[in-house]
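Sequential numbering from 87 applies to the sequence shown in the working numbering.
As structure tokens, the structure follows; a few thoughts come after it.
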Amino acid sequence: MALCKRRGFIYQASEIYGGINGFWDYGPLGAQMKKNLREAWWQDMIMRPAWGRQGPGGKNVRCVPVETRIIQHPKVWEASGHVGGFNDPMVDDKETKQRFRADHVWVIFAYEETLIANILTQNSERLAAGETLPISIPPTFSVVAGSVTEALRYVIENVREFRPYRKAEWATNDLFDEPTVAMYDKDGRGFVANTLPLIEVLKHYSIDVIPSPATQKTGTLTPPRQFNLMFHTYVGATASEDDKAYLRPETAQGIFVQFKNVVDTTRVKVPFGIGNTGTSFRNEVTPRNFTFRSREFDQAELEFFCHPDESVEWYKFWRDFRMEWWKTIGLAGENLILREHEKDELSHYSQGTSDVEYRFPFTAPGFGELEGIAHRGCYDLTQHQEHSKTKLEYFDQEMQLRLQAEGKSKEEIAQKSKYIPHCIEPAAGLDRGVLALLCEAYTVDPSRPSPELMKFHPRIAPIKAAVFPLVAKDGMPEIAEKLHAELSDKFWRVGGVEMDEKQSIGKRYARMDEAGCPFCFTIDGETAASQTVTVRDRDSGQQERIALDKAGEFLKDKLGM
Ligand code: ATP
87 MALCKRRGFI YQASEIYGGI NGFWDYGPLG AQMKKNLREA WWQDMIMRPA WGRQGPGGKN
147 VRCVPVETRI IQHPKVWEAS GHVGGFNDPM VDDKETKQRF RADHVWVIFA YEETLIANIL
207 TQNSERLAAG ETLPISIPPT FSVVAGSVTE ALRYVIENVR EFRPYRKAEW ATNDLFDEPT
267 VAMYDKDGRG FVANTLPLIE VLKHYSIDVI PSPATQKTGT LTPPRQFNLM FHTYVGATAS
327 EDDKAYLRPE TAQGIFVQFK NVVDTTRVKV PFGIGNTGTS FRNEVTPRNF TFRSREFDQA
387 ELEFFCHPDE SVEWYKFWRD FRMEWWKTIG LAGENLILRE HEKDELSHYS QGTSDVEYRF
447 PFTAPGFGEL EGIAHRGCYD LTQHQEHSKT KLEYFDQEMQ LRLQAEGKSK EEIAQKSKYI
507 PHCIEPAAGL DRGVLALLCE AYTVDPSRPS PELMKFHPRI APIKAAVFPL VAKDGMPEIA
567 EKLHAELSDK FWRVGGVEMD EKQSIGKRYA RMDEAGCPFC FTIDGETAAS QTVTVRDRDS
627 GQQERIALDK AGEFLKDKLG M
């Protein structure tokens with residue numbers, strides 16, 4: 087983080103005003119680096135998807151872009167399921183993507199060391215007699231011992247009925263209209279609290295001990311967060327509830343709502359993909375880990391539409407390609423894994439989901455999600471078809487012709503050639519991508535004069551090359567300026583070319599190492615006579631001498647252009 091600030095990769099947003107939690111700005115190097123990442127995605131996912139490979143059945147992979155707005159009709163978010171019960175803390179099942187009210191899932195919790203054990207021991211007779219306590223502990227619990235964590239685990243592992251604490255359950259307490267949760271003091275006396283302390287308490291206790299109502303497994307729930315993670319605003323001058331609109335929490339929905347237009351106005355044919363990149367907003371309850379969980383971030387999402395019968399093959403195709411892709415831009419090695427979700431973790435419509443995960447320093451030894459690749463079935467288009475009352479079926483002419491040629495009945499042809507395509511969604515986060523690339527590139531080598539360097543893949547490096555006159559005299563600056571102008575002219579589309587004549591050459595190399603610049607060209611005393619320059623490789627520190635007029639070609643070759 088210190089290097090990111092010092093070298094101008096990432097700054098805190100509004101820093102001179104004390105910053106604003108969950109928002110980060112990119113400095114000159116970070117902005118160019120993120121642009122490089124977005125462009126690599128755009129090139130390899132849209133312009134030449136999957137590097138020109140053929141997909142399942144030898145089919146060509148075709149993708150087109152859209153650019154959709156941050157603000158959409160509020161009904162989009164009702165159809166997508168993002169708008170629902172407001173202001174309730176929710177937990178998400180990371181695997182099935184199902185969402186639950188936190189106070190439904192967390193039947194009981196503690197804020198004091200021996201709490202549960204005390205409650206259960208104090209009430210063991212009543213429990214044994216089958217009496218229901220006013221605290222929603224099912225009457226079957228009679229033995230709990232040990233630390234609060236063990237007690238909590240015991241209770242949790244055995245609870246199969248999830249109930250919120252509500253006014254009605256508190257016969258003696260009718261003060262609270264809000265959904266409430268119960269807490270107990272040291273003497274076992276209960277009191278109710280609103281949901282805010284619940285979040286605090288639950289954050290304190292390990293989330294890993296609470297089983298998900300979806301899978302009954304522990305460790306799959308997120309910490310509780312405000313259900314409506316969407317920022318809202320008002321469209322128009324009156325700011326009434328009718329004018330309420332949301333800032334998108336994902337770019338994907340923009341694709342689904344323009345699916346029909348893209349099909350009707352272009353020549354795309356299933357299978358094909360629509361890509362969308364841009365800024366999304368989530369009012370994360372606990373933004374943290376640098377840019378990993380921000381409140382404003384950029385996504386790069388593809389929705390790949392295909393025939394239902396081919397969807398599993400396409401899912402595997404994209405899953406494998408996305409993993410390979412991250413490796414080619416510098417995340418190779420054991421810090422990157424593909425985690426395939428288990429069958430029983432999947433939502434009802436999905437036939438596969440996997441995450442590309444990176445071992446960030448703050449998740450180690452665990453991993454954090456970088457991209458999710460989900461088989462979403464026909465779920466999203468069906469939702470939008472229902473909510474918008476607009477037909478989003480696809481008419482598959484090729485299928486119709488094939489079935490006709492096979493002599494199939496009219497009914498069968500009509501039924502099989504009109505369908506809602508299935509969708510495979512590789513959804514990547516660009517800011518998390520930048521963060522992973524920064525973490526992976528960061529190298530400390532005490533044997534070097536300046537021990538910190540950034541080993542970026544050349545495609546990602548914000549500065550592609552630097553040109554140095556060894557000393558600022560004897561005609562060297564003039565040659566350097568000429569080379570700098572030539573290289574800038576050739577490479578400005580992919581990144582910066584720097585020129586620096588201040589300080590010792592060692593310090594200039596060190597500066598470029600920290601910025602992750604892969605190649606430095608130095609004009610020295612020999613250049614004028616031999617028309618050669620030295621080129622220094624960032625990672626090895628080795629230098630070689632090449633012809634001055636071949637510097638551009640050398641760089642082009644090394645950048646893989
Ligand atoms: P998480 O479980 O970490 O909240 P998610 O599963 O909700 O992530 P998706 O909805 O699948 O994330 O979004 C796709 C991608 O968008 C993620 O893989 C991640 O790279 C990025 N992303 C999501 N939320 C954030 C955030 N708050 N800050 C930065 N990037 C994010």
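Glycine included, C-beta positions come from ideal geometry on N, C-alpha and C.
Please read all numbers here as calculations on a predicted model, not as lab measurements.
Does the beta-carbon of T618 have 16 or more other beta-carbons within 10 angstroms, so that it is buried, or is it exposed? Indexing the sequence shown from 1 puts residue 618 at position 532. T618 is buried by the Cβ-count criterion.
Three CB pairs or more closer than 8 Å across the segment 376-383 and the segment 407-422: Output reads no: the segment 407-422 does not touch the segment 376-383.
Which same chain residues, not among the five before or five after T449, have their C-beta less than 6 Å away from its C-beta? Here residue 449 is taken as the residue at index 363 of the sequence shown, counted from 1. Answer for T449: no residue qualifies.
In whole angstroms, what separates the C-alpha of L645 from that of R545? The sequence position of residue 645 within the sequence shown is 559, counting from 1. The sequence position of residue 545 within the sequence shown is 459, counting from 1. Using only the alpha carbons, I get a separation of about 6 Å.
Note down the Cα distance separating L556 from A88, rounded to an integer number of angstroms. Against the sequence shown, residue 556 aligns to sequence position 470. Against the sequence shown, residue 88 aligns to sequence position 2. The straight-line gap from Cα to Cα measures roughly 30 Å.
Do D623 and E630 have their beta-carbon atoms positioned less than 9 Å apart in this structure? Within the sequence shown, the letter at position 544 stands for residue 630. Within the sequence shown, the letter at position 537 stands for residue 623. A contact, by the Cβ cut-off of 9 Å.
Near the ligand ATP: R379 beta-carbon under 8 Å from a heavy atom: Within the sequence shown, the letter at position 293 stands for residue 379. For R379, the Cβ falls inside the 8 Å cut-off from some heavy atom of the ligand ATP.
Would W709 pass as a contact of I510 if the rule is Cβ separation under 9 Å? Look at the range of the chain in this structure, 87 to 647, and you will see that residue 709 is not part of it.
Distance between P507 and D350 (C-alpha atoms, nearest Å): Here residue 350 refers to the residue found at position 264 of the sequence shown. Here residue 507 refers to the residue found at position 421 of the sequence shown. Answer to the nearest angstrom: the Cα atoms are 15 Å apart.
Distance between beta carbons of E387 and A460, contact taken as under 8 Å: As a first step, residue 460 must be located in the sequence shown, where it is residue number 374. As a first step, residue 387 must be located in the sequence shown, where it is residue number 301. About 11 Å separates the two Cβ atoms, so there is no contact after all.
Quick check on H427: buried or exposed, where buried means 16 or more other Cβ atoms within 10 Å of its Cβ? Working through the sequence shown from its first residue, we reach residue 427 at position 341. Buried.
Buried or exposed by the 16-neighbour rule on C-beta atoms within 10 Å, applied to A637: In the sequence shown, counting from the first residue as 1, residue 637 sits at position 551. So A637 counts as buried.
Can you tell which of G515, E164, I499, R425 has its C-alpha closest to the C-alpha of L487? Mapped onto the sequence shown, residue 487 falls at position 401. Of the candidates G515, E164, I499, R425, the one whose C-alpha sits nearest the C-alpha of L487 is I499.
Would you say I423 and F391 are within 9 Å of each other, going by their C-beta atoms? Position 337 of the sequence shown, counting from 1, holds the residue named residue 423. Position 305 of the sequence shown, counting from 1, holds the residue named residue 391. Going by C-beta atoms, I423 is not nearer than 9 Å to F391.
On the premise that E389 lies in contact with L315, defined as a C-beta separation below 8 Å, what is that separation, rounded to the nearest angstrom? Working through the sequence shown from its first residue, we reach residue 315 at position 229. Working through the sequence shown from its first residue, we reach residue 389 at position 303. Not confirmed; about 21 Å, so no contact.
Quick check on E428: does DSSP put it in helix, strand or coil? Locating residue 428 in the sequence shown gives position 342, counting from the first residue. Correct three-state label for E428: coil.
Thinking C-beta only, is S166 closer than 9 Å to D466? Walking along the sequence shown from the start, residue 466 turns up at place 380. Walking along the sequence shown from the start, residue 166 turns up at place 80. Result yes, Cβ atoms of D466 and S166 sit closer than 9 Å.
Secondary structure at F640, three-state DSSP: helix, strand or coil? Translated into the one-based positions of the sequence shown, residue 640 becomes position 554. Helix at F640.
To test your reading of the DSSP string, which unbroken alpha helix (DSSP H) runs of 4 or more residues are found completely within the segment 576-604? Qualifying alpha helix (DSSP H) stretches, in chain order: 591-601.
Check: S366 C-beta below 8 Å from any heavy atom of the ligand ATP: For the purposes of this step, residue 366 is taken as residue 280 along the sequence shown, with counting starting at 1. Checking every heavy atom of the ligand ATP against the Cβ of S366, one is found closer than 8 Å.
Closer than 8 Å: is that where the CB of R130 sits relative to any heavy atom of the ligand ATP? Here residue 130 corresponds to residue number 44 of the sequence shown, with the count starting at 1. Correcting the residue identity first, residue 130 is Asp in this sequence and not Arg. False, no ligand heavy atom lies under 8 Å from that Cβ.
Near D178, what residues of its chain come up, given a Cβ to Cβ distance below 6 Å and the 5 sequence neighbours on each side ignored? As a first step, residue 178 is located in the sequence shown; it is residue number 92 there, counting from the start. Take D178, set aside five residues on each side of it, and the residues of its chain with a beta-carbon closer than 6 Å to its own are R185, T308, in chain order.
The beta strand (DSSP E) that contains E457, what's its start and end? Here residue 457 refers to the residue found at position 371 of the sequence shown. Segment 454-461, the beta strand (DSSP E) holding E457.
Name the DSSP bridge partner or partners of H159? For the purposes of this step, residue 159 is identified with residue 73 of the sequence shown, where counting begins at 1. None; H159 has no bridge partner.
Name the two residues that bound the continuous beta strand (DSSP E) containing I632. Here residue 632 refers to the residue found at position 546 of the sequence shown. Segment 629-633, the beta strand (DSSP E) holding I632.
Going by Cα to Cα distance, which pick from Q490, C606, C464 is closest to L478? In the sequence shown, the residue the question calls residue 478 occupies position 392. Check the Cα spacing between L478 and each of Q490, C606, C464: the tightest is with C464.
Using CA atoms only, rank isn't needed, just tell me which of T608, T182, G515 is closest to I632. For the purposes of this step, residue 632 is identified with residue 546 of the sequence shown, where counting begins at 1. Comparing Cα positions, the closest option is T608.
Is Q385 near the ligand ATP, in the sense that its beta carbon is under 8 Å from a heavy atom of that ligand? Within the sequence shown, the letter at position 299 stands for residue 385. Yes.
What does the Cβ neighbour count give for I102, buried or exposed, with the cut at 16 atoms within 10 Å? On the sequence shown, position 16 is the one that residue 102 refers to. Label assigned to I102: exposed.
Alpha carbon to alpha carbon, what distance is there between P447 and G232? If you number the sequence shown from 1, residue 232 lands on position 146. If you number the sequence shown from 1, residue 447 lands on position 361. Note that G232 has pLDDT 34, beneath the 50 cutoff, so the model's placement of it is unreliable and the number below is only indicative. Roughly 34 Å separates the two Cα atoms.
On the premise that Y480 lies in contact with V356, defined as a C-beta separation below 8 Å, what is that separation, rounded to the nearest angstrom? The count along the sequence shown starts at 1 and reaches residue 356 at position 270. The count along the sequence shown starts at 1 and reaches residue 480 at position 394. V356 to Y480, Cβ: 6 Å. Contact.
Judging by CA-CA distance, which residue of F383, I591, H159, D575 is the nearest neighbour of V621? Taking the first residue of the sequence shown as 1, we reach residue 621 at position 535. Checking every option, the nearest Cα to that of V621 belongs to I591.
Quick one: does the C-beta of E526 sit closer than 8 Å to a heavy atom of the ligand ATP? In the sequence shown, the residue the question calls residue 526 occupies position 440. Outside the cutoff, so no.
Taking all protein chains shown into account, decide if Q444 is buried (16 or more other Cβ within 10 angstroms of its Cβ) or exposed. Working through the sequence shown from its first residue, we reach residue 444 at position 358. Before going further, note that residue 444 is Tyr rather than Gln in the sequence given. Per the 10 Å Cβ criterion, buried.
Just the C-alpha distance for G143 and K496, rounded to the nearest angstrom, thanks. The residue given as residue 143 occupies position 57 in the sequence shown. The residue given as residue 496 occupies position 410 in the sequence shown. Going from the Cα of G143 to the Cα of K496 covers about 26 Å.
Determine the burial state of D599: buried for a count of at least 16 other Cβ atoms within 10 Å of its Cβ, exposed for fewer. Walking along the sequence shown from the start, residue 599 turns up at place 513. Buried is the call here.
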